[in-house]
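A.B. asks: 2 is the number of the first residue of the sequence shown in our numbering; add one for each residue after it. Let me give you the structure first, and then I'll get to my questions.
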Amino acid sequence: MKPLKEFTIPFVGLKIGKHQFNFDIKETFFEHFEYEDFNSVKVKADVILEKKSTLLELNFKISGFVNINCDLTNEPYDQIIENDFNLVVNFGDEYNDENIDILILPHGTYEISIQQYIYELIVLAVPIKRVHPGVEDGTLDSDILEKLEELSPGLKEKNEQNEDDIDPRWNTLKKLLTDK
2 MKPLKEFTIP FVGLKIGKHQ FNFDIKETFF EHFEYEDFNS VKVKADVILE
52 KKSTLLELNF KISGFVNINC DLTNEPYDQI IENDFNLVVN FGDEYNDENI
102 DILILPHGTY EISIQQYIYE LIVLAVPIKR VHPGVEDGTL DSDILEKLEE
152 LSPGLKEKNE QNEDDIDPRW NTLKKLLTDK
């Protein structure tokens, strides 16, 4: 995958110390990754790069919302997301990203692409089960929800069972408890 230029940070000319980078993430960012689960995206990514003499420390913080469809009703809603991640970039003989928190870049590298880290932070911040807030508090009026309630195996039916439906052997056992 070709890296996006706006998410590539050239660190060679930066002074030792902290440097802040801000990115506004929109739907076009996810088109690059061919990820189509989001209807719309408005996320702000703040990256603080701390350059030290032998390594780099990156601190990612994302916040905003993604518009997704509810798993129960398929109604779109805005899901607020927040996430953060720390990455240490060290330098070695060859590229190595096997460790989740440490990235090793070859000596002589002058820039780092952070698009994959931002993508993963946003996607992983979305809950696995996507439930519209209106479903949880009962304010969402949806035909699908009404149909789900109608077709669900009812708890009402269990409560409406008469004691006559109980196996008569249990009644005999109940007498043993009361005959003491």
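Ideal Cβ positions, reconstructed from N, Cα and C, are used throughout, including at glycine.
When DSSP builds the beta bridges, which residues end up paired with Leu5?
C.D. replies: The partner list for Leu5 (beta bridge, DSSP) is empty, contrary to what the question assumes.
A.B. asks: For Phe34, collect the residues of the same chain with a Cβ closer than 6 Å to its Cβ; drop the 5 residues on either side in sequence, then sort them by chain order.
C.D. replies: Result list for Phe34: Tyr120, in chain order.
A.B. asks: Helix, strand or coil, according to DSSP, for Tyr118 in the structure here?
C.D. replies: Tyr118: helix per DSSP, three-state reduction.
A.B. asks: Is the number of C-beta pairs between the region 130 to 141 and the region 85 to 92 that are closer than 8 Å three or more?
C.D. replies: Short answer: they don't touch.
A.B. asks: At the level of alpha carbons, what is the spacing between Asp79 and Thr29?
C.D. replies: The straight-line gap from Cα to Cα measures roughly 18 Å.
A.B. asks: Suppose you measure from the CA of Val67 to the CA of Leu122; what does that come to, to the nearest Å?
C.D. replies: Approximately 13 Å between the Cα atoms of the pair.
A.B. asks: Express the C-alpha separation of Ser41 and His108 in angstroms, rounding to a whole number.
C.D. replies: Roughly 39 Å between the two C-alpha positions.
A.B. asks: Following the continuous beta strand (DSSP E) through Asp25, name the residue where it begins and the one where it ends.
C.D. replies: Its beta strand (DSSP E) spans residues 18 to 26.
A.B. asks: Is Phe31 near Ala46, with beta carbons less than 8 Å apart?
C.D. replies: Not in contact: Phe31 and Ala46 (Cβ atoms no closer than 8 Å).
A.B. asks: Work out the CA separation of Ile26 and Ala126 for me, nearest whole Å.
C.D. replies: C-alpha separation (whole angstroms): 14 Å.
A.B. asks: Report the rounded CA-to-CA distance for Ser114 versus Pro128, giving the unit in angstroms.
C.D. replies: Spanning the two alpha carbons is a distance of roughly 26 Å.
A.B. asks: I think Leu57 touches Phe12, with their Cβ atoms under 8 Å apart; what is that distance to the nearest whole Å?
C.D. replies: With a Cβ gap of about 6 Å, Leu57 and Phe12 count as contacting.
A.B. asks: In angstroms, rounded to a whole number, what distance separates the CA positions of Gly139 and Glu151?
C.D. replies: So the alpha carbons of these two residues sit roughly 16 Å apart.
A.B. asks: Distance check for Lys43 and Thr110, CA to CA, integer angstroms please.
C.D. replies: Whole-angstrom Cα-Cα distance: 32 Å.
A.B. asks: With which residues is Ala46 paired in a DSSP beta bridge?
C.D. replies: Ala46 is bridged to Phe24, Ile63.
A.B. asks: Which residues does DSSP pair with Leu57 in a beta bridge?
C.D. replies: Its beta-bridge partners are Lys52, Val90.
A.B. asks: Tell me whether Ile101 is buried or exposed, calling it buried when 16 or more other Cβ atoms sit within 10 Å of its Cβ.
C.D. replies: Burial call: exposed.
A.B. asks: Tell me whether Thr74 is buried or exposed, calling it buried when 16 or more other Cβ atoms sit within 10 Å of its Cβ.
C.D. replies: Looking at its Cβ environment, which holds 16 or more other Cβ atoms inside 10 Å, Thr74 is buried.
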